[in-house]
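One structure is given below, encoded as structure tokens.
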Amino acid sequence: MENFGAIPVFVTVADTGGFSPAAKLLGISKSAVSKRISQLEAQLGVKLLHRTTRKLSLTEAGEHFYQHARIAHQAAKDAQDAVTQLQGEPQGRLRINSPMSFGRLHLAPLIPVFLKRYPKISIDMVMDDKVVDLVGEGFDIAIRAGDLPDTSLVARKLAPLQSVLCASPEYLKGFGTPTELEQLAEHNCLVFTYSRDVKEWTFIKENHLQTIEIKGNYQVNNSEALREAIIQGVGIGRLPTFVAGPDIKAGALVPLFEEYQMPAKTIYAVFPERQYMPAKVRAFIDFAIEYFGGDIPYWDN
Numbered sequence: 001m002e003n004f005g006a007i008p009v010f011v012t013v014a015d016t017g018g019f020s021p022a023a024k025l026l027g028i029s030k031s032a033v034s035k036r037i038s039q040l041e042a043q044l045g046v047k048l049l050h051r052t053t054r055k056l057s058l059t060e061a062g063e064h065f066y067q068h069a070r071i072a073h074q075a076a077k078d079a080q081d082a083v084t085q086l087q088g089e090p091q092g093r094l095r096i097n098s099p100m101s102f103g104r105l106h107l108a109p110l111i112p113v114f115l116k117r118y119p120k121i122s123i124d125m126v127m128d129d130k131v132v133d134l135v136g137e138g139f140d141i142a143i144r145a146g147d148l149p150d151t152s153l154v155a156r157k158l159a160p161l162q163s164v165l166c167a168s169p170e171y172l173k174g175f176g177t178p179t180e181l182e183q184l185a186e187h188n189c190l191v192f193t194y195s196r197d198v199k200e201w202t203f204i205k206e207n208h209l210q211t212i213e214i215k216g217n218y219q220v221n222n223s224e225a226l227r228e229a230i231i232q233g234v235g236i237g238r239l240p241t242f243v244a245g246p247d248i249k250a251g252a253l254v255p256l257f258e259e260y261q262m263p264a265k266t267i268y269a270v271f272p273e274r275q276y277m278p279a280k281v282r283a284f285i286d287f288a289i290e291y292f293g294g295d296i297p298y299w300d301n
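Heads up: the sequence shown at position 117 corresponds to 117 in the UniProt record's numbering, and the numbers run straight through without jumps.
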């Protein structure tokens with residue numbers, strides 16, 4: 001039991017694959033992490049980690065110890081969460097991962113309001129369009145859209161995610177407004193790199209799906225960068241309504257083929273499955289659902 005404090009350090013090192021990322025996640029120095037692991041190995045009388053200049057990996061003894069240490073570490077978290085639930089006011093450090101555009105446009109304005117309501121919570125938010133390993137990188141919550149293949153995560157619906165095909169008035173004046181879906185083949189179609197298929201768009205009308213092949217001279221992995229190109233008259237593009245909504249209202253973008261729908265997704269808050277949901281996680285998710293507006297988010301009003 002005297003080495004129980006080393007378990008979170010060891011588990012974090014094993015999950016992140018190194019002393020430096022573990023130190024960053026734990027908020028301590030790299031030397032402190034190294035010293036704690038060395039003390040643990042000395043106490044156990046075995047080597048837990050293979051260390052090289054380029055790589056760190058678990059020894060056979062380390063693998064066995066990790067399996068039990070991970071369970072103990074999770075049990076400690078559950079115990080802490082169970083006690084926190086009795087304390088009433090949510091508190092503690094909350095690590096959030098969010099896609100770049102959604103985070104900047106909609107989470108960033110939410111955070112100050114949330115912190116005023118829950119002053120005992122501190123937030124560390126990382127915005128990145130790549131899917132991260134929640135457990136391995138120590139996140140409490142991730143904001144994700146679309147399919148959720150990882151069954152080890154729990155998901156709560158925050159809001160629907162609609163898309164709209166749009167162009168600038170300048171582009172339509174110069175190249176004409178398409179009135180038939182097939183005419184999109186004659187236009188410069190700009191795409192989001194992480195789309196399921198960057199070579200076609202799908203439209204839905206009365207439960208009938210129609211797929212149109214597209215081509216264009218620009219693809220980008222950020223929705224706000226795509227929006228900028230569309231507004232500047234480079235071409236026609238598909239944007240999430242949480243990005244395009246204000247520009248459509250202002251007349252800077254013109255929605256096309258409004259009689260059709262494009263495939264919708266859902267914006268989720270996902271978090272590791274736990275026996276007790278941390279009060280800080282529950283508070284944030286409930287607040288976000290209230291803030292965004294549920295089934296009809298404010299950006300779609």
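Ideal Cβ placement from N, Cα and C applies to all residues, glycine included.
Remember, predicted model here, so these are calculated numbers, not experimental data.
Asked                                                                                                                                     : Found
Rounded to whole angstroms, what's the CA-CA distance from residue 300 to residue 290? Just pull it up for me.                            : 15 Å
Roughly how many angstroms separate the alpha carbons of residue 237 and residue 210, rounded to a whole number?                          : 17 Å
Distance, Cα to Cα, residue 12 vs residue 147?                                                                                            : 28 Å
The beta strand (DSSP E) with residue 205 in it runs from where to where?                                                                 : 200-205
Have a look at the DSSP bridge pairing and note the partners of residue 271.                                                              : 154
Return the CA-CA distance between residue 225 and residue 94, expressed in angstroms with no decimal places.                              : 29 Å
Just verifying my parser: in three-state terms, what is the DSSP assignment at residue 187?                                               : coil
Do residue 68 and residue 8 have their beta-carbon atoms positioned less than 7 Å apart in this structure?                                : no
Do you know whose CA, among 125, 30, 157, 168, lies nearest residue 297's CA?                                                             : 157
Report the three-state DSSP secondary structure of residue 31 (helix, strand or coil).                                                    : helix
For residue 98 versus residue 110, is the C-beta spacing smaller than 7 Å?                                                                : no
Is residue 241 buried or exposed, if buried means 16 or more other CB atoms sit within 10 Å of its CB?                                    : buried
Tell me, please, whether the stretch 255-264 touches the stretch 163-170 by the rule of three or more beta-carbon pairs shorter than 8 Å. : yes
Quick one, are the C-beta atoms of residue 161 and residue 265 less than 7 Å apart?                                                       : yes
With a 10 Å radius around its C-beta and 16 neighbouring C-beta atoms as the bar for buried, classify residue 126 as buried or exposed.   : exposed
Would you tell me roughly how many angstroms separate the C-alpha atoms of residue 312 and residue 219, rounded to the nearest one?       : Outside the shown range of the chain, which is 1 to 301, sits residue 312, and nothing can be said about it.
Using only the alpha-carbon positions, how far apart do residue 327 and residue 293 sit?                                                  : Since the first residue shown for the chain is 1 and the last is 301, residue 327 is missing from the structure and cannot be characterised.
Identify every residue that forms a DSSP beta bridge with residue 38.                                                                     : Answer is none; residue 38 lacks a bridge partner.
Which first and last residues belong to the beta strand (DSSP E) in which residue 122 is found?                                           : 121-127
Check for me: the beta strand (DSSP E) holding residue 224 runs from which residue to which?                                              : Run containing residue 224: none in the beta strand (DSSP E); it sits in the alpha helix (DSSP H), 223-231.
Could you please give the first and the last residue of the uninterrupted alpha helix (DSSP H) stretch that includes residue 288?         : 279-292
Inspect the beta-carbon positions of residue 221 and residue 194 and report whether they are closer than 7 Å.                             : yes
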